[in-house]
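Chains as they are written, first to last, in the numbering used here: chain A, 1 to 355; chain B, 1 to 355.
Virtual Cβ for every residue (Gly too), placed ideally from N, Cα, C.
Below is one structure, written out as structure tokens; comments come after it.
Number of protein chains: 2
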Amino acid sequence: MQLRFKHAGRKAAKPTTLKDVAAAAGVHVSTASRTLNPITRHLVAGNVALRVERAAQKLDYRPDLVAASLRTGRSRLIGVLVPDIADPVFSPILGGITESLLAAGYSTVIADVGSNQDRQIELIEGLMARRVDGLVLATVSRKDAVVDHCLRRGLPAVLVNRTESQPRLATVASDDAGGMKLAVDHLVALGHRRIGHVAGPQHVSTGFLRRRGFEAAVRKHGLPAADIAVEVASAYSRVEGERVAGALLDARGDLTAIVAANDLLALGVYDALHARKLRCPADISVVGHNDMPLVDMVAPPLTTVRISHREMGEEAARMMLEELAGHGHRERAVTLTPILIVRSSSRKLNPGEAR
Amino acid sequence: MQLRFKHAGRKAAKPTTLKDVAAAAGVHVSTASRTLNPITRHLVAGNVALRVERAAQKLDYRPDLVAASLRTGRSRLIGVLVPDIADPVFSPILGGITESLLAAGYSTVIADVGSNQDRQIELIEGLMARRVDGLVLATVSRKDAVVDHCLRRGLPAVLVNRTESQPRLATVASDDAGGMKLAVDHLVALGHRRIGHVAGPQHVSTGFLRRRGFEAAVRKHGLPAADIAVEVASAYSRVEGERVAGALLDARGDLTAIVAANDLLALGVYDALHARKLRCPADISVVGHNDMPLVDMVAPPLTTVRISHREMGEEAARMMLEELAGHGHRERAVTLTPILIVRSSSRKLNPGEAR
DNA sequence: GTGAAAGCGCTAACAC
DNA sequence: GTGTTAGCGCTTTCAC
């Protein structure tokens with residue numbers, strides 16, 4: 001389609017500067033600057049301030065944040081690194097972060113950086129070239145080169161969703177081990193004893209801590225090691241879930257339940273069951289983790305562990321703001337408590353029942 | 001939890017400036033600048049350039065984009081407005097945009113702006129204060145004040161996913177009417193004649209054009225107006241889908257199929273069917289639109305129209321880059337062709353069958 | 001081909 | 001309280 005528009009390419013009018021405002025108000029630029037900055041507003045006489053404000057209003061003055069950044073060294077810009085913007089887990093986190101930061105006058109640059117740490121550092125350099133005031137990392141592995149980099153460069157940073165194994169930065173995350181305990185307690189209460197775990201990648205905290213949480217919960221219930229089966233997925237994806245669950249099911253025909261490290265893996269478990277003509281929950285109960293959108297509508301509706309991703313984002317923003325305000329040492333780790341959402345993918349085992 | 005870290009609050013080292021590089025290379029800043037800018041690189045003698053580059057390398061020099069922006073008036077920053085970052089439709093669009101722009105050296109500021117146009121304009125002003133070079137709008141209504149604003153301010157802008165009724169800006173969107181034709185053709189081929197439509201909000205192009213596309217398709221098949229029922233939802237949400245589908249079903253007990261303007265609405269249709277103890281597809285066939293993640297896993301797997309959101313984002317980025325390069329008048333509207341994905345929510349009607 | 005100088009728009013020390 | 005001055009780090013004329 002070929003079209004033309006009269007407006008297209010129209011030249012932008014040169015915007016009003018502080019100098020224009022000052023001239024219009026008959027004062028010096030610095031006075032205008034002081035007036036328009038809430039912090040220094042009180043330094044200027046009421047009537048003068050009023051004149052400046054009126055002039056600014058009349059000329060539709062908009063401060064140039066780029067110039068202000070150059071002068072002050074601060075940009076009021078926060079970078080956010082996510083491994084995959086299309087992963088539904090990160091949307092609400094991003095929503096929480098951006099909204100909270102915006103309310104405090106900060107803009108957010110979201111970088112979809114994948115999971116290659118060298119590339120991540122390259123991209124961070126780009127953000128630092130823009131003088132971002134801080135970074136929120138939703139990407140970290142348990143020992144993360146990006147964190148090293150931020151520390152070395154003195155760039156304020158906050159971790160969200162994932163933690164390092166040795167905490168070096170302020171972090172907000174869900175209680176991953178606690179979430180698995182909820183899942184295992186639930187299954188044990190339903191009579192399950194031979195339980196498998198489709199673990200997430202072990203180089204990220206969620207995968208690692210959930211596996212450990214699973215193992216601890218299972219031990220707490222005194223289930224013999226022989227009743228338990230754990231297999232690790234190399235990524236949080238449906239295909240990996242299917243592959244790993246398949247391996248688990250083929251090796252251990254006696255399992256009655258599988259706990260997946262997240263919902264995407266759990267859906268992969270569904271796929272594996274389907275491929276083997278096994279029914280859920282009749283043959284195998286499945287529990288996921290995250291309560292991502294729509295898992296209440298899949299067949300069968302998924303029993304899962306809900307964590308408040310949006311709240312996680314809001315909390316991360318709050319921590320970042322504290323960090324920037326200089327009193328960032330108060331609260332270094334916030335742990336959100338997950339809750340169990342029981343739906344139809346887990347069922348009560350009849351006494352003595354086995355496959 | 002209270003913790004402290006030795007690294008926390010560590011002072012950032014003052015970064016190397018162009019001046020440092022110039023000094024180290026024994027040349028003037030302007031020469032260093034010329035060397036490091038690919039466009040002006042050829043103006044400087046080979047051996048000198050080499051010296052500068054080595055110095056830059058050695059000092060780990062990173063150009064200050066803020067200073068460059070102030071000087072040039074360009075920021076290599078693009079703003080992207082989405083109505084709701086948590087809506088899974090926008091994730092792949094954002095992924096496509098950010099990746100393509102990044103490859104061209106542009107960063108992306110994503111603004112989650114809701115649907116209040118006054119607020120949107122306020123937020124755009126914030127982006128303009130950061131001197132964004134352009135805006136990608138995934139938010140527009142059929143007559144959009146934000147577009148007025150961009151035009152007036154001379155800010156390059158590209159529309160994605162939604163179009164205005166009178167095209168004033170470069171746009172990339174799916175063939176919405178065509179998508180509905182696919183859906184209706186499919187149902188008619190299966191023997192359906194009494195078909196309902198849960199339409200989306202009519203102030204956005206997707207809702208409007210899909211409804212019109214539905215009506216045109218139905219007319220083309222010569223279905224009498226009495227066989228058709230259209231009801232408009234006030235938002236693309238599951239609850240609205242349920243409400244509107246409920247109204248449709250209660251008023252028209254003879255319908256055998258419903259086409260929803262998007263998948264979220266289609267899932268609402270499922271909810272409404274469920275509440276009325278109607279089965280899909282046994283009693284009512286349902287077709288959605290968008291093929292959003294997981295609709296292949298709901299019960300029953302949803303027949304829907306797939307559009308390539310990621311490609312849409314990539315295309316929008318390409319158009320923006322063209323716009324910025326000055327030859328933005330070549331191709332003003334790109335229409336992506338959707339395809340039908342048949343799953344299990346639509347079934348063939350037996351001859352003469354009715355409810 | 002390179003250096004000198006000006007200046008983007010703003011803020012903040014200092015002077016009065 | 002307000003004006004003066006300097007300068008953030010870079011690019012880009014203009015000289016030579």
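D254(B) and S91(B) have their C-alpha atoms roughly 38 angstroms apart. R62, P63, D64, L65, V66, A67, S69, L70: these are the residues of the region 53 to 71 of chain B whose beta carbon lies less than 7 angstroms from some beta carbon of chain A, given in chain order. Membership of I339(B) in the beta strand (DSSP E) is indicated by the continuous run 339 to 341. Contact between the region 85 to 99 of chain A and the region 50 to 59 of chain A is absent: fewer than three C-beta pairs spanning the two stretches fall below 8 angstroms. In terms of Cβ geometry, I195(B) and A138(B) do not form a close pair [threshold 8 angstroms]. Per DSSP, the continuous beta strand (DSSP E) segment holding V80(A) begins and ends at 77 to 82.
In the three-state scheme derived from DSSP, where H, G and I count as helix and E and B as strand, E311(B) is classed as helix.
By the CB criterion at 8 angstroms, V132(B) and V160(B) fall outside the cutoff. Put simply, the CB of E122(B) is far from chain A, with every gap to its CB atoms at 8 angstroms or more. At least one C-beta of chain A is nearer than 8 angstroms to the C-beta of T108(B). The DSSP-derived three-state label of L187(B) is helix. Under the 10 Å beta carbon count, A32(A) is surrounded by 16 or more other beta carbons and is classified as buried. Looking at P224(A), H28(A), R162(A), the one whose alpha-carbon comes closest to that of V188(A) is P224(A). Across the set A68(A), D87(A), L59(A), the C-alpha of D87(A) shows the shortest separation from the C-alpha of P293(A).
Residue V48(B) holds the alpha-carbon nearest to the alpha-carbon of A22(B) among V48(B), R41(B), R252(B), I39(B). Neighbourhood of M128(B) in chain A, by CB distance below 9 angstroms: P15, R62, in chain order. Contact residues of the region 226 to 237 of chain A toward chain B are absent (C-beta to C-beta distance below 7 angstroms). Setting aside the 5 residues that flank it on each side, V158(A) is surrounded in the same chain by V136, A170, A316, M319, M320, each with a C-beta closer than 6 angstroms to its C-beta; the list follows chain order. Per DSSP, reduced to three states, the secondary structure at I284(A) is coil, with no helix or strand assignment. The CB of S75(B) comes closer than 7 angstroms to the CB of V66 in chain A, given here in chain order.
Taking 3 residues as the minimum length, the beta strand (DSSP E) runs contained wholly in the region 89 to 163 of chain B are 107 to 112, 134 to 137, 157 to 160, in order along the chain. For H192(B) and V172(A), the gap between their C-alpha atoms comes out near 53 angstroms.
Within the model, the alpha-carbon separation for V80(A) versus A67(A) is close to 23 angstroms. G268(B) sits in a helix when the DSSP states are folded into three classes. The beta-carbon distance between I93(B) and G313(B), rounded to whole angstroms, is 4 angstroms. This is short enough to meet the 8 angstroms contact definition. Under the three-pair Cβ rule at 8 angstroms, the region 143 to 156 of chain B does not count as touching the region 173 to 180 of chain B. Taking CB atoms only, P88(A) has a neighbour in chain B less than 8 angstroms away. Shown here, S205(B) sits in a helix according to DSSP, grouped into three states.
Of all residues in the region 343 to 355 of chain B, none is placed with a Cβ closer than 7 angstroms to any Cβ belonging to chain A. Judged by DSSP secondary structure, R71(B) falls within the alpha helix (DSSP H) whose first and last residues are 65 to 72. The DSSP-derived three-state label of H274(A) is helix. The closest CA to that of L127(B), considering only S107(A), L70(A), N350(A), S115(A), is found on S107(A). Interface flag for R131(B) against chain A is set, since a Cβ pair is found closer than 8 angstroms. Comparing alpha-carbon positions, the option among L248(A), G268(A), R279(A), C280(A) lying closest to E240(A) turns out to be G268(A).
DSSP lists N290(B), I339(B) as the bridge partner or partners of R306(B). Chain A places a beta carbon closer than 8 angstroms to that of T98(B), counting this residue as a contact.
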